[in-house]
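Numbering of the sequence shown is given in our numbering, commencing with residue 70 and proceeding in unit increments.
Built from N, CA and C at the ideal position, the CB exists for glycine as well.
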Amino acid sequence: MAKVISLVNQKGGVGKTTTAVNLAQYLSKLKRKVLLIDLDPQANATSGIGINKHRLPATVYDALIGRVPIRDVVMVSKSAQYSLVPSNPNLSGFALEIAQQPSREYILKKSIDQIRDYYDYILIDSPPSLDLLTINGLVASDFVIVPVQCEYYALEGLSRLLETLSRVKKALKPELKLLGAILTMYDKRNRLARQVVKEVQENFPGRVFESIIPRNVRLSEAPSYGKTIFNFASFSKGARAYELLAEELVNLEKESK
Ligand SMILES: Nc1ncnc2c1ncn2[C@@H]1O[C@H](COP(=O)(O)OP(=O)(O)O)[C@@H](O)[C@H]1O
Ligand SMILES: [Mg+2]
């Protein structure tokens, strides 16, 4: 049965989507069956692998409102080796439309439970907020990974994020486990970045993944070609970093057995 992992940080631009897409890719390379669920109305994880978000017959939104079963929304793109539940801007209506519904935090979980058996990993790319969508993602997840950008304000907002996690744990999902932080956009020439790494390591109550993702222009170019970093620049530093991260994640599982 799949391990479900949410990538969460209410800050935008910290590397959630880049990590979701490329981690999904390299977990697939390790022969794991992977599904990525795009839970962001901006749909960057969808368009980033070359899927036209305006031409989709159904998206995660249709599954959430119960119009179609989630298995009918799963697609495979030519430019990625994993399966995707795509998104589009319709999803931004979800929170309002569903606000009155009882057990509104469990809607995604119920969908995922129908298809969990088919995958080894289900990754959820969250929007840059801590709203009902992100909460749905968390309630559906076993684990949380927090991408943290190596910049001055890296730790800002982290306490609110951790509070939200413990609230979700207490009220909605006691099994939810904070797996750790992934440091992204690291520039080793920058003294400040090295300082941030140290601070995050000191402050992070989960753990910090050893694989640090460097700032690498190839990683930012790949989505505009509709490709994962493996298919775009497999020998780049960014590719190597995500390959190592996938290995680290898989090994973590072996350790905990
Ligand atoms: N390691 C990296 N090196 C260079 N650019 C990156 C890196 N990670 C992400 N980016 C770029 O930074 C921007 C924000 O990243 P993204 O993954 O979309 O963040 P989020 O999903 O948290 O909003 C994007 O333009 C992305 O291409
Ligand atoms: Mg994103």
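Exercise. Ligand 2 heavy atoms versus the CB of N113: any closer than 8 Å?
Worked result: Counting from 1 along the sequence shown, the entry for residue 113 is found at position 44. A distance criterion of 8 Å places the beta-carbon of N113 in contact range of ligand 2, judged by its closest non-hydrogen atom.
Problem set entry | Proximity winner among S303, A149, V217, relative to F273 (alpha-carbon distances) | Along the sequence shown, read from residue 1 onward, the residue named residue 273 stands at position 204. In terms of CA proximity to F273, V217 leads the group S303, A149, V217.
Exercise. Between the Cα of L199 and the Cα atoms of E174, T128, I106, I134, which residue gives the shortest distance?
Worked result: Here the question's residue 199 lines up with position 130 in the sequence shown. The candidate whose alpha carbon is nearest that of L199 is E174.
Exercise. Cβ of T86 within 8 Å of any heavy atom in ligand 2?
Worked result: On the sequence shown, position 17 is the one that residue 86 refers to. Remark: the C-beta of T86 is in contact range of ligand 2, defined as less than 8 Å to any heavy atom.
Exercise. My guess is that K122 and S156 are in contact by the Cβ rule of under 8 Å, so how many angstroms apart are they, rounded?
Worked result: As a position in the sequence shown, residue 122 is number 53, starting the count at 1. As a position in the sequence shown, residue 156 is number 87, starting the count at 1. For a cut-off of 8 Å, the C-beta gap from K122 to S156 is around 7 Å, short enough to register as a contact.
Exercise. Given that a residue counts as buried once 16 or more other Cβ atoms are within 10 Å of its Cβ, and exposed if not, what is Y43?
Worked result: With the chain covering 70 to 326 only, the question about residue 43 has no answer from this structure.
Exercise. E290: which of I282, G82, S280, F301 sits nearest, CA to CA?
Worked result: Residue 290 sits at position 221 when you count from the first residue of the sequence shown. Its Cα nearest to that of E290, the residue F301 stands out among I282, G82, S280, F301.
For this session: Could you tell me the boundaries of the beta strand (DSSP E) in which S152 lies?
Result: Here residue 152 corresponds to residue number 83 of the sequence shown, with the count starting at 1. That run of the beta strand (DSSP E) goes 152-154.
Exercise. Between the C-alpha atoms of I176 and R258, what's the straight-line distance to the nearest angstrom?
Worked result: As a working mapping, residue 176 is identified with position 107 in the sequence shown. As a working mapping, residue 258 is identified with position 189 in the sequence shown. Going from the Cα of I176 to the Cα of R258 covers about 45 Å.
Exercise. When the Cβ atoms of the region 129-144 are set against those of the region 98-111, are three or more pairs found closer than 8 Å?
Worked result: Judged by Cβ distances under 8 Å, the region 129-144 makes contact with the region 98-111, as three or more pairs qualify.
Exercise. Closest by CA to S305, which one among G119, S75, N285?
Worked result: Working through the sequence shown from its first residue, we reach residue 305 at position 236. For S305, the nearest C-alpha among the options comes from N285.
Problem set entry | Contact under 9 Å by Cβ, K239 with S210 | Start at 1 with the first residue of the sequence shown, and residue 239 comes out as number 170. Start at 1 with the first residue of the sequence shown, and residue 210 comes out as number 141. In this structure, K239 sits away from S210, with a CB-CB distance that is not shorter than 9 Å.
Exercise. Taking C-alpha atoms, which residue in F278, P292, E324, G295 lies nearest to E312?
Worked result: As a first step, residue 312 must be located in the sequence shown, where it is residue number 243. Closest option to E312, Cα to Cα, is F278.
Exercise. Nearest CA to the CA of I181: which residue from Q270, A71, G275?
Worked result: What you label residue 181 is simply residue 112 of the sequence shown in a count that begins at 1. Comparing alpha-carbon positions, the option among Q270, A71, G275 lying closest to I181 turns out to be A71.
Exercise. If we call anything under 9 Å between Cβ atoms a contact, is P110 one with L202?
Worked result: Within the sequence shown, the letter at position 41 stands for residue 110. Within the sequence shown, the letter at position 133 stands for residue 202. Their beta carbons are under 9 Å apart, which means P110 touches L202 by this criterion.
Exercise. In terms of residue numbering, what span does the alpha helix (DSSP H) encompassing A93 cover?
Worked result: As a working mapping, residue 93 is identified with position 24 in the sequence shown. For A93, the enclosing alpha helix (DSSP H) covers residues 85-98.
For this session: In angstroms with no decimal places, state the Cα-to-Cα distance between T115 and P158.
Result: Taking the sequence shown and counting its residues from 1, one reaches residue 115 at position 46. Taking the sequence shown and counting its residues from 1, one reaches residue 158 at position 89. Within the model, the alpha-carbon separation for T115 versus P158 is close to 11 Å.
Exercise. Apart from the five residues on each side of it in sequence, which residues of its chain come closer than 6 Å, Cβ to Cβ, to R276?
Worked result: Numbered from its first residue, the sequence shown carries residue 276 at position 207. Contacts found: G249.
For this session: My understanding is that Q150 touches K98, with C-beta atoms under 8 Å, so please give their C-beta distance in whole angstroms.
Result: Sequence index remark: in the sequence shown, residue 150 carries index 81 (1-based). Sequence index remark: in the sequence shown, residue 98 carries index 29 (1-based). Indeed they touch by this definition, with Cβ atoms about 7 Å apart.
Problem set entry | beta-carbon P292 near ligand 2 non-hydrogen atom, thresh 8 Å | Here residue 292 is taken as the residue at index 223 of the sequence shown, counted from 1. Not one heavy atom of ligand 2 lies closer than 8 Å to the C-beta of P292.
Problem set entry | Close beta carbons around V145, own chain, < 6 Å, minus the five adjacent residues each side | Here residue 145 corresponds to residue number 76 of the sequence shown, with the count starting at 1. The beta carbon of V145 sits closer than 6 Å to those of S152, all from its chain and outside the five residues before and after it, given in chain order.
Problem set entry | Backbone CA spacing between S172 and D256 [nearest angstrom] | The residue given as residue 172 occupies position 103 in the sequence shown. The residue given as residue 256 occupies position 187 in the sequence shown. Per the coordinates, the alpha-carbon of S172 lies some 43 Å from the alpha-carbon of D256.
Problem set entry | With 16 other Cβ atoms within 10 Å as the buried cut-off, status of Y221 | Position 152 of the sequence shown holds residue 221. By the C-beta density criterion, Y221 is exposed, having fewer than 16 other C-beta atoms within 10 angstroms.
Exercise. Can you give the beta carbon distance from K80 to G307, rounded, assuming they're within the 8 Å contact cut?
Worked result: Taking the sequence shown and counting its residues from 1, one reaches residue 80 at position 11. Taking the sequence shown and counting its residues from 1, one reaches residue 307 at position 238. About 20 Å separates the two Cβ atoms, so there is no contact after all.
Exercise. Between which two residues does the alpha helix (DSSP H) containing V266 stretch?
Worked result: Along the sequence shown, read from residue 1 onward, the residue named residue 266 stands at position 197. 260-272 is the span of the alpha helix (DSSP H), which, as asked, contains V266.
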